[in-house]
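Report on the structure given below.
In the working numbering, the protein residues as written are 560 to 1141.
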């Protein structure tokens, strides 16, 4: 397409106005006049964005914007859901949904999307940093509700996260498009279909049945080892996650530990090497209220295994008699115009702000949603909790937070459990994942992996003296950081447990680690929650512990509920003592 004349405009006069009800955290700066993302910076230092007519270009770091028409406006009009990337070779790729061809025909009683239901996806390409563009090329027909992200892997492969409506039952499936030649040609991957895991059982925030059901509106990032992780929007109160080595084949979907409302997030790798996640959480997770009223941010330094404590950067609380959607701040885009500076914009709510990465890595002094007692739960896979048939909202960290709030105290419980972890590994990340977040209380639960004997070995992974030394170091370092500590013994293995490498019942080893945990708690004067002792007593009175686990080791929903109830007996008075001092 030949270069059309550029029309210089001061975009501030035309851009969506930030709703006056939206309140931003004090470390967040408004960007009046900025367009909606996504954004890219080209080789000449210009910043590009897109709108319904074409491109918007700024050559002064976002103060003013030039408009550039990209296509025949009688045939094409881009919806706000769009994706934009600049490849390492300087090629610009733009994916958008064509509003001009939108036809919505959906009937759940007839299987969902009907014949002719379509919102097609087009791709555009510029090989000269945006000076000229190829005509829009049809990439996918049928109904696609959103395209939001396109990334380039270290291998050079381009990955576009897409979706398509499927019938019988009506739902959405995720389809990724891959290009290995800078967007000249594309191939579709097999559909990622969550089936019943993603479908709505009924009304959720006014959305009925399958029109927004399935696994949709994903966000993706490349891990440092070259694998990819995809977070999908589902209606259950958290993201579902999948991993892939090439973007073509993906693992089975699993519940992530990231609690989220029914809304998409956006993950991006920053210049610092950290990941940033911007997304919506329920304002009241126990009652699922306020699903898009608060926009949160968190960072990860270990490829998304753990995240910093979520912090709210903008909020707009619905008032009585107000339509919920009028307060939404959702569908975020993230752009890093310079190292450590982040632009965040939203499709819903018209948020346009800038913040510094450094200001939100640790909790801010004055949280936008008010002060809360910060509780961090440190441990292994039992603490992490989420697994097939156990949602993150059903794990003991989530249940403890709900219980504390039900008791009338405001607490923020953050789960940093990592599967297979031992006390020595916990010490290595204690500052990064725990003390840097300035918690008021930290629960610590280890022993299952420390005392495990692997196949082919004759001794435990971590001998008892090392375990004791590590526990004491964890306690002392947390106390030095001004944190109250709660030590916890691991729950007892069930009757049909996996035998260790010597063919032993693992409880024969774990009982000694529980004794050491009790000893350290007593000698250091920290609080103790004795899950092992309680489950041992329950078993002695005839309870079958297997019924509290998924596999003889990891708690199921009932097991987590039992752990949470015992923890609340210790934590509730501690939190109530701290809360008035905040």
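Cβ coordinates follow ideal geometry from the N, Cα and C atoms, glycine included.
Buried or exposed for residue i, please, with buried defined as at least 16 other CB atoms from any protein chain shown within 10 angstroms of its CB.
i, result
"residue 1100", "exposed"
"residue 593", "buried"
"residue 898", "exposed"
"residue 743", "exposed"
"residue 568", "Confidence at residue 568 is low in this model, with a pLDDT of 34, below 50, so its placement is unreliable and the value that follows should be read with caution. Residue 568 comes out exposed."
"residue 714", "exposed"
"residue 608", "buried"
"residue 662", "exposed"
"residue 773", "buried"
"residue 1121", "buried"
"residue 788", "buried"
"residue 938", "buried"
"residue 738", "buried"
"residue 669", "exposed"
"residue 765", "Confidence at residue 765 is low in this model, with a pLDDT of 48, below 50, so its placement is unreliable and no value can be given for it."
"residue 1140", "exposed"
"residue 637", "buried"
"residue 886", "buried"
"residue 980", "buried"
"residue 1117", "exposed"
"residue 850", "buried"
Who pairs with residue i in a beta bridge, going by DSSP?
i, result
"residue 919", "None; residue 919 has no bridge partner."
"residue 973", "935"
"residue 699", "680"
"residue 837", "825 and 856"
"residue 809", "803"
"residue 792", "775 and 798"
Between the C-alpha atoms of residue i and residue j, what's the straight-line distance to the nearest angstrom?
i, j, result
"residue 919", "residue 803", "30 Å"
"residue 641", "residue 776", "11 Å"
"residue 893", "residue 1049", "40 Å"
"residue 890", "residue 1075", "49 Å"
"residue 1015", "residue 947", "29 Å"
"residue 967", "residue 933", "15 Å"
"residue 1006", "residue 936", "15 Å"
"residue 671", "residue 706", "20 Å"
"residue 822", "residue 844", "14 Å"
"residue 590", "residue 908", "14 Å"
"residue 1097", "residue 1103", "8 Å"
"residue 876", "residue 595", "22 Å"
"residue 1060", "residue 1020", "11 Å"
"residue 751", "residue 963", "38 Å"
"residue 837", "residue 945", "21 Å"
"residue 1025", "residue 1083", "17 Å"
"residue 1041", "residue 808", "46 Å"
"residue 1034", "residue 931", "23 Å"
"residue 1000", "residue 1077", "18 Å"
"residue 674", "residue 874", "40 Å"
"residue 811", "residue 753", "9 Å"
"residue 598", "residue 643", "7 Å"
"residue 976", "residue 865", "8 Å"
"residue 602", "residue 910", "27 Å"
"residue 539", "residue 617", "Residue 539 lies beyond the stretch modelled for the chain, which goes from 560 to 1141, so this question has no answer here."
"residue 996", "residue 697", "47 Å"
"residue 1037", "residue 797", "29 Å"
"residue 658", "residue 770", "18 Å"
With distance defined between alpha-carbon atoms, name the residue in the options nearest to residue i.
i, options, result
"residue 588", "1044, 912 and 874", "912"
"residue 1081", "1093, 849, 1046 and 598", "1046"
"residue 868", "1068, 950 and 817", "817"
"residue 1179", "958, 1066, 1061 and 1032", "The question about residue 1179 has no answer here: the residues shown for the chain are numbered 560 through 1141."
"residue 621", "984, 635, 600 and 910", "600"
"residue 895", "752, 810, 859 and 829", "829"
"residue 965", "598, 1124, 735 and 783", "1124"
"residue 1066", "722, 1089, 1112 and 994", "1112"
"residue 645", "716, 975 and 1010", "716"
"residue 1095", "797, 1069 and 982", "1069"
"residue 1051", "1071, 1091 and 780", "1091"
"residue 853", "846, 859, 860 and 841", "841"
"residue 625", "862, 605 and 667", "605"
"residue 983", "1008, 998, 1002 and 703", "1008"
"residue 824", "831, 835 and 814", "835"
"residue 664", "683, 726 and 639", "726"
Flag residue i as yes when its Cβ comes closer than 7 Å to any non-hydrogen atom of the ligand FMN, and as no otherwise.
i, result
"residue 719", "In the structure shown, the ligand FMN is absent, as is every other ligand, since no ligand is present at all."
Fully enclosed by the stretch 718-743, which alpha helix (DSSP H) runs are 4 residues long or longer? Correct list: empty.
Runs of beta strand (DSSP E) lying entirely within the stretch 1025-1054, each at least 3 residues, in chain order: 1043-1048, all fully within the stretch 1025-1054.
Whole beta strand (DSSP E) runs in the stretch 633-693 with 3 or more residues, listed along the chain? Segments of the beta strand (DSSP E) lying fully in the stretch 633-693: 637-645, 651-657 and 680-685.
Threshold first: 4 residues or longer. Then list the alpha helix (DSSP H) segments lying entirely within the stretch 855-921, N to C. Here the runs fully enclosed are 916-919.
Can you list, in chain order, the stretches of the beta strand (DSSP E) that have 3 or more residues and sit fully within the stretch 1062-1102? You should have 1086-1089.
What ranges does the beta strand (DSSP E) occupy inside the stretch 939-1017, keeping only unbroken runs of at least 3 residues that lie completely in it? As far as the stretch 939-1017 is concerned, its whole beta strand (DSSP E) runs of at least 3 residues are 970-974 and 1000-1004.
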